[in-house]
Every structure is written in C-alpha cells, then in structure tokens.
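Here is the structure we will look at.
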Amino acid sequence: YLHALASRSVDSFAVQERDVILMLPSMFHANAWGFPYSGWMSGADMVMPGPHLQGPHLRTMIESARPTLTAMVPTLLGDLLLADETAPLDLSCFRAIVSGGSAVPSSMIEAVRDRWNVPVIQGWGMTETSPMCVLSHPPKDLNGETETYWRLKSGRPVPGIEVRVMDDEGNLLEQDGTTVGELQLRGAWVTGSYIKEETDAFTEDGWLRTGDVGMVDARGYVQLTDRTKDVIKSGGEWISSVDLEDVLLKHEGVAEVAVVAVDDTRWQERPLAIVRSKAGCDGETLPGELRSFLVDKVAKFWVPEYWAVVDDIPKTSVGKMDKKLLREEVAAGKLAIQKHLGFGEGND
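As structure tokens, this is what we get:
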C-alpha cells in the first residue's frame, strides 16, 4: 500500500487517473514494478500485452492504445529504437518511459528524447524493495550539467527510502559523488527477512545489503557502479563493466554489449567485451575499431584486449543480459574470443 502511494507522487511515477499504462514489466518479477497497484489505486487504464513483447506486437499496442506511461528494460527500449529505423514508430503518446533492470546508455536516452521528445526515467531497485527505490528525475537546478547527465544517474531515493554507502569494514562513507562502497537500504517497503532462510544480507542495525557497488552525491543522487560480482579488478584497479558498456554502445556498429571479467596471468582480471554487431557490420574488424574508439574515452587500462562478436547475447527471464550464463560460457570455452595487444604490452 505504501509503495503504491509513493509511486503516485510527482517525483516518482506520478501515476494518475488519466494515464494509460502499458504493462511491460513481468508480472512475476517484483510484480510489474508496482504498476498494477498504483494504476488500480489511481483509476488508470492498463494495457496487458501478455507474453507478446516482440517489436510488431508492441507497435500494434502502442498505435492502438496510445499509452501515456510504460516501464521496460533497456533491451526492449533498444528494440523499439531499432524498429523505428526500419519503419517509423510514433512514441509521442508517452509522457515518460521508465527503464530499469540494467543501466540505460546515454545514447538511448538521447535517441528517445530526440526522436519523440519523451523523457526516460532511469530507476534502480530490487525485488526486496518492491522494487521502487531511486529514480532519475533531474533537479530543478541542473548545476551546469545537461539533463542527460542527471538522467544517467541511477536516481534519487523516493520518499520512504534511505540509501547509505558503506565500506567493507562497516564504516559509513562520504556522500561526495566519488567515494565508492556497498549500497545499503532501508525503508517502509524494504524486506526485513527471507522466508525460512538465515542470511547475512542485513546489517545489525537493520539495513539491507544490496550487493551493489556505487556512490551517492551531496544532493542524494545514487550512481550504481556495478554489481559486486560484475566489477572487474585489474591489477588492483577497479573497472566498471556498466560504464564500459555505456561507452561501447555509442559506437554505430554496436547493437548490444556485455562486459565480463576473464582471468589474466599478469593482471588477475581483464575485461572481455561480448558484442552483438548491427546488420552490415564486419565482425572481424569490429574489435579493432572499438579499441580505437575507446582510446580517448576511457582510461587506457580499461580498453579490453579480449573480444567476442556473437549473434545473440543471452537474456534472463526479465530481459537483463545474463552475465552469469556468459561467465559460464567463457569458462567452458564456448565463445570464440579474439585477443588483441593488451594494456602494458608493446608500447603502452
């Protein structure tokens, strides 16, 4: 009930009676991000697509129902952008598109704004938070930054949620926008336990350990850096797979990309970029092009020397890239990995 009330607030989803909500989040996963409850509470219309989330089905539903609000994972949003390149798609009916499940690249946020003048609201949460937690509404004072800068943030906690950053020893870290640690949560709709399971997921003072790594700035905006298991530690330095994926997606030849860690005898771990290229792009030469593309955009030691160009990147049941499966495929030698001259080799 409290989660539904909070999602109706202006700085959350602002669900209201005049809305037509396209229900794309899975009903079994965090129960469609709470929209069935806030939509019912507000008297909004709800469009139920069922299992039909392919481009042609979404196009038909959008054209016929003209929804005003929806939520989706970035994969689906990317599919809509690609569909628009084939045959123009009108998304101007939306007052906002909420995206969560994984980080939304800046290129996607800007493409949706430029094509349809629709804002993308990025969100971060968990099943344990029902799932609404933080949302990336820009502040009224952009403080000299672009609107996209603020929309790329994971977001600011919605009323009813608190976020803090802790180090490995349990010390509270500064909210300065640069100090990275584990993100911990508490709030009225944050779970306090798991059924029939003893766990160390909660601190002694009752905060939920998320397993996510990130930072919080002075305004309270959260920036998720990575999942603890997805962060790459190379030669003692951290590499964010999320940030590296965001930069790679700006290349015109990249349709999808997932970055995971691979073992390296010299640096312990190095990034492996697994890329699905766009149609017409030469997969043989693409890794070299992408390495050159990255040189002036990230730190030199972030540039991967390990690459795999694939036909498809596996997804979980909720549309996220399945990095667990990708790591298993790498370990089993199922991916054709190219190795280029690496950091610290040659003239580096």
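Residues in the sequence shown are numbered from 93 upward in steps of one, following this note's numbering.
By construction, the Cβ of each residue, glycine as well, lies at the ideal position given by its N, Cα and C atoms.
| Item | Value |
| --- | --- |
| Does the separation of the CB atoms of Ile-213 and Ala-188 fall below 8 Å? | yes |
| Let me make sure I understand the geometry here. Which of Gly-170, Thr-152, Leu-264, Thr-283 has the alpha-carbon closest to that of Gly-217? | Thr-283 |
| Write down the C-beta distance between Pro-230 and Glu-239 rounded to the nearest angstrom, noting that I regard them as a contact closer than 8 Å. | 5 Å |
| Tell me the rounded alpha-carbon separation between Leu-116 and Met-164. | 6 Å |
| Enumerate in chain order the residues of its own chain whose CB-to-CB distance from Ser-99 is below 7 Å, with the five nearest sequence positions on each side excluded. | Phe-105, Val-107, Gly-126, Ser-130, Met-224 |
| Quick one: residues in its chain with C-beta nearer than 7 Å to the C-beta of Glu-421, no 5 flanking neighbours on either side, listed in chain order? | Leu-427 |
| Could you have a look at Asp-414 and say whether DSSP puts it in helix, strand or coil? | coil |
| Determine which residues share a DSSP beta bridge with Trp-216 and list them. | Val-226 |
| So if DSSP puts Asp-356 in a beta bridge, which residue, or which two residues, is it bridged to? | Gln-360 |
| Where Phe-385 and Ile-366 are concerned, what is the direct C-alpha to C-alpha distance, given to the nearest angstrom? | 16 Å |
| Can you tell me whether Glu-348 is buried or exposed, with buried defined as 16 or more other CB within 10 angstroms of its CB? | buried |
| Do you know offhand how far Leu-341's Cα is from Thr-291's? | 37 Å |
| My output table needs one value for Ile-405: the three-state DSSP class, helix, strand or coil. | coil |
| From His-432, Pro-379, Arg-248, pick the residue whose C-alpha is nearest to that of Asp-103; which is it? | Arg-248 |
| Could you round the C-beta distance between Phe-186 and Thr-160 to whole angstroms and report it? I think they count as a contact, below 8 Å. | 6 Å |
| Tell me the residue span of the alpha helix (DSSP H) that contains Thr-240. | 239–243 |
| Need the endpoints of the beta strand (DSSP E) that Glu-274 sits in, please. | 273–279 |
| Report the option in Arg-383, Leu-173, Leu-172 whose CA atom is closest to the CA atom of His-343. | Arg-383 |
| When burial is assigned at 16 or more other CB atoms within 10 Å of the CB, is Met-140 buried or exposed? | exposed |
| Phe-294: which of Val-308, Ala-310, Glu-274 sits nearest, CA to CA? | Glu-274 |
| Between which residues of its own chain and Ser-134 is the CB-CB distance below 8 Å, once the five residues before and five after are set aside? | Arg-100, Val-107, Gln-108, Glu-109, Asp-111 |
| What are the boundary residues of the beta strand (DSSP E) that includes Asp-318? | 314–319 |
| Helix, strand or coil: how does DSSP classify Gly-131 here? | helix |
| Counting Cβ pairs closer than 8 Å, one from the segment 320–330 and one from the segment 366–382, do we hit at least three? | no |
| Assuming Asp-259 and Ala-310 form a contact by the criterion Cβ under 8 Å, report the distance between their Cβ atoms to the nearest whole angstrom. | Not quite, the Cβ-Cβ distance comes to about 19 Å (not below 8 Å), so this is no contact. |
| With respect to the alpha helix (DSSP H) encompassing Trp-330, which residues constitute its N-terminal and C-terminal limits? | Looking at the DSSP string, Trp-330 is not in any alpha helix (DSSP H); the run it does join, the beta strand (DSSP E), is 329–331. |
| Looking at Met-307: is its Cβ nearer than 8 Å to the Cβ of Val-339? | no |
| Check whether the Cβ atoms of Leu-277 and Val-305 lie closer than 8 Å to each other. | no |
| Grab the span of the beta strand (DSSP E) containing Ile-324 for me, first residue to last. | 324–326 |
| Does DSSP put Asp-137 in a helix, a strand or coil? | strand |
| I need the straight-line Cα distance from Lys-325 to Gly-262, nearest angstrom please. | 21 Å |
| Identify the continuous alpha helix (DSSP H) that holds Ala-122 and give its terminal residues. | 122–125 |
| Are Thr-167 and Lys-407 close, meaning C-beta to C-beta below 8 Å? | yes |
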